[in-house]
Amino acid sequence: MSVAWHVARRSCAQWSTYRAATFAGAFTNTVFGFLRVHVLLAALDARPGLAGFDARDAATFAFVTQGLLAVVFEQGYGELAPRIRTGDVVTDLYRPVDLQLWYLASDLGRASFAVVFRGLPPTIVGALAFGITVPDDPLTWCAFAVSVVLAITISFGVRFLAALSGFWLLDVRGVQQLALMLTFLLAGMIVPLTFFPSALADVARALPFAGIVQLPMEIFLGHHPGLADLAAILGRQAAWALVMLVVSRWVAHRAMRKVVVQGG
Amino acid sequence: MAEAVAAGSPRSPSSHAATYRRLVGARVRSQWQYRTSFVLHVAGQFVAGFFDFVAIAVIFDRVHALDGWQVEEVLFLYGTSQLAFGIGDVFVSPVERAADHVRLGTFDQLLVRPLGPLFQLVTGEFELRRVGRLVQGLVVFVAAVVALPVEWTAGRVVMTAATVAGGVVIFSSAWVLTSSIAFWAVATQELANSVTYGGGFLTQYPVDIFGAAIRRLLLVVPMAFVSYVPATWVLGRDDVYGLPSWCAFASPAVALAFALVARFVWRSGIRHYRSTGS
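Residue numbers (numbering that gives the first Met the number 0), protein chains in the order written: chain E, 0 to 263; chain D, 0 to 277.
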């Protein structure tokens, strides 16, 4: 476990060296916050109270999700897929550390850097420009923190699976993009799932992707007051996180049996 | 002498076209080798555009109009903007890779070859998969044109074609302009996305929905001319700016002016470029 801790720390330190890229990313996320908030506000203007949102909720949703974006997803498609294509993944397999644990730790390290330097800027700018709803009790904050960690884990599972498909397909950028786009939509990143027609919204809520953006945001917006409600949401996320980890672990195991190392 | 120029000079337009076909053809053949991956990639691009459309569909499932704009009208904006974005994405967006070449020091190679670096980038980094997004834009564009309750007079047809052409030039210029940042600052490519992809996103919607500051900005970074301003003429609506009516026809001129700015900045960038030397 201490190896995982070190991997996470080094990953966080590695990301902290990309200062210009971090600034540029936070800037662009914030610009998109401004664009998305106006789309949501126009919809609310046409139909006040849509999905129980008021203008403040819309601003919160637009800007906080723009901050979460860089936390629960990574910039680009990660290191694993190109390493599978080039064969460098063999080095990963030599290590006396579990492949999945290594990449999960690395992703959590990346996310811990992103929380502060990619998550806060859009949120703060949105708060200053529009005013956002911020949880006012410690319980909600704690639940949100746990929820975000679970969101990263679910998202990691999806991304790890997409990268692992490289053992069968070699060039997987297409799969990765398709997976990412589908995740965006079904996570509620493009429009809140509560805006969807109710049948579709129910389906989307039942899938793991809702746990990546929609559920943490509902906690942040205070839609689930009380310990029991919060526990139910976190429990659902935890269950999906576990399922994604077990499934991707099994696929990784299958992939290992397929590896042919070309000598040289 | 004149014949020699027409037949073989590297500067003649016909030889540029032939070089373009050969270089892009080579890229296309190589990308066609991983067939499954290619098909999935095209699908990914198609879906990427499609989800912006889903957002609009979801919103219009709940509301009748956005700031007075009906769904067909918004889809006309979406269609013209995404068609223009898609064409620019296929043919000019590869210029983004300039940043990688500057960072890796390989931009020097582009400078010593007997072709402009811009030409080499848009051919050498050509990605056929981007056609997926273009097709998606085209589908919505055709659907919107069919669904709109306007009479398609010759004037409206010409105007719509000019809108798309102007949009292609504006988006392409935005790519060239923002890619030039790489000559001054490394690793800031994301900044470009706020203009290019941001522009691609916001031009799907009527400018009316944005706040006053953003609206004004869209006249300067001329995204308002991609779809919105000319579309108000086609649809017979008033624009939110209260511009004089001739402005609706100004898109091609605005696009040209923006292209000149992009060309100037790109050239200054190349003059400013200093190799990493590694």
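All C-beta atoms in this analysis are idealised placements derived from N, C-alpha and C, irrespective of residue type, glycine included.
Interface flag, residue 169 of chain D vs chain E, CB-CB below 9 Å: Residue numbering aside, residue 169 of chain D sits at position 170 when the second sequence is read from its first letter. Under the Cβ criterion of 9 Å, residue 169 of chain D is not counted among the residues facing chain E.
Residue from D:262, D:22, D:59, D:37 whose Cα sits closest to the Cα of residue 174 of chain D: Within the second sequence, residue 174 of chain D is the residue found at index 175, counting from 1. The shortest C-alpha separation from residue 174 of chain D is found at D:262.
Residue 101 of chain D versus residue 121 of chain D: straight-line alpha-carbon distance, rounded: On the second sequence, position 102 is the one that residue 101 of chain D refers to. On the second sequence, position 122 is the one that residue 121 of chain D refers to. Taking C-alpha positions only, residue 101 of chain D is separated from residue 121 of chain D by approximately 15 Å.
Sequence-distant residues of its chain with Cβ nearer than 6 Å to residue 169 of chain E (five each side left out): Position 170 of the first sequence holds residue 169 of chain E. The beta carbon of residue 169 of chain E is closer than 6 Å to those of 84 in its chain, skipping five residues each way along the sequence.
Any C-beta of chain D under 9 Å from that of residue 93 of chain E: To locate residue 93 of chain E, count along the first sequence from 1; it is residue 94. Look at residue 93 of chain E: its C-beta is not under 9 Å from any C-beta on chain D.
Close Cβ partners of residue 32 of chain E (< 6 Å) along its chain, the five nearest in sequence each way excluded: Counting from 1 along the first sequence, the entry for residue 32 of chain E is found at position 33. So the list reads 61, 62, 65, 121, 125, once near-sequence residues are dropped.
Neighbour flag for residue 182 of chain D against chain E, beta carbons, 9 Å: By one-based count along the second sequence, residue 182 of chain D stands at place 183. Cβ-Cβ to chain E under 9 Å: no for residue 182 of chain D.
Closer than 9 Å to chain D by CB, residue 60 of chain E: Taking the first residue of the first sequence as position 1, residue 60 of chain E is located at position 61. Proximity of residue 60 of chain E to chain D, defined by a Cβ-Cβ separation below 9 Å, is not satisfied.
Close beta carbons around residue 265 of chain D, own chain, < 6 Å, minus the five adjacent residues each side: Mapped onto the second sequence, residue 265 of chain D falls at position 266. Correct list, in chain order: 175, 179.
Residue 65 of chain D - DSSP class collapsed to helix/strand/coil: Here the question's residue 65 of chain D lines up with position 66 in the second sequence. Under the three-state reduction of DSSP output, residue 65 of chain D falls in the strand class.
Test: residue 160 of chain E CB closer than 9 Å to a CB of chain D: Translated into the one-based positions of the first sequence, residue 160 of chain E becomes position 161. No, no contact with chain D.
Closest by C-alpha distance to residue 27 of chain D, when choosing among D:92, D:130, D:94, D:113: Position 28 of the second sequence holds residue 27 of chain D. Closest option to residue 27 of chain D, judged by alpha-carbon separation, among D:92, D:130, D:94, D:113: D:130.
Nearest neighbour of residue 140 of chain D, chosen from D:67, D:45, D:82 [CA to CA]: Here the question's residue 140 of chain D lines up with position 141 in the second sequence. Closest by alpha carbon: D:82.
Check whether residue 76 of chain D and residue 159 of chain D have beta carbons under 9 Å apart: Here residue 76 of chain D refers to the residue found at position 77 when the second sequence is read from its first residue. Here residue 159 of chain D refers to the residue found at position 160 when the second sequence is read from its first residue. Going by C-beta atoms, residue 76 of chain D is not nearer than 9 Å to residue 159 of chain D.
Contact set between the stretch 182-197 of chain D and chain E, restricted to residues whose Cβ is under 9 Å from the partner: Residues 184, 185, 186, 187, 188, 189, 190, 191, 192, 193, 194, 196, 197.
Exposure label - residue 29 of chain D; buried when at least 16 CB within 10 Å: For the purposes of this step, residue 29 of chain D is taken as the residue at position 30 of the second sequence. Exposed, since its Cβ has fewer than 16 Cβ neighbours within 10 Å.
Beta-carbon spacing of residue 208 of chain D, residue 74 of chain D below 9 Å: Translated into positions along the second sequence, residue 208 of chain D becomes position 209. Translated into positions along the second sequence, residue 74 of chain D becomes position 75. Cβ atoms of residue 208 of chain D and residue 74 of chain D: not closer than 9 Å.
The stretch 184-201 of chain D / the stretch 218-226 of chain D touching (three or more Cβ pairs under 8 Å): By the Cβ rule, the stretch 184-201 of chain D counts as touching the stretch 218-226 of chain D, because three or more pairs are nearer than 8 Å.
Residue 71 of chain D in three-state terms, based on DSSP: Taking the first residue of the second sequence as position 1, residue 71 of chain D is located at position 72. Helix, per DSSP.
Within chain D, partners of residue 180 of chain E - CB distance below 7 Å: Residue mapping note: residue 180 of chain E aligns to position 181 of the first sequence, counting from 1. Under the 7 Å cutoff, chain D gives 43, 46, 47, 50.
9 Å Cβ cutoff, residue 76 of chain E in contact with chain D: Within the first sequence, the letter at position 77 stands for residue 76 of chain E. Not closer than 9 Å to any Cβ of chain D, the Cβ of residue 76 of chain E fails to qualify, so no.
9 Å Cβ cutoff met for residue 155 of chain E and residue 214 of chain E: Within the first sequence, the letter at position 156 stands for residue 155 of chain E. Within the first sequence, the letter at position 215 stands for residue 214 of chain E. Contact flag unset, no.
Exposed unless 16 or more other CB atoms sit within 10 angstroms - verdict on residue 158 of chain E: Here the question's residue 158 of chain E lines up with position 159 in the first sequence. Residue 158 of chain E should be labelled buried.
Per-residue DSSP class, three states only, for residue 129 of chain E: As a working mapping, residue 129 of chain E is identified with position 130 in the first sequence. Reduced to three states, the DSSP call for residue 129 of chain E is coil.
Span separating the alpha-carbon of residue 116 of chain D from that of residue 110 of chain D: Position 117 of the second sequence, counted from the first residue, corresponds to residue 116 of chain D. Position 111 of the second sequence, counted from the first residue, corresponds to residue 110 of chain D. Cα to Cα, the separation comes out at about 6 Å.
Chain E contact for residue 210 of chain D (CB, 9 Å cutoff): The count along the second sequence starts at 1 and reaches residue 210 of chain D at position 211. By this cut-off, residue 210 of chain D is an interface position.
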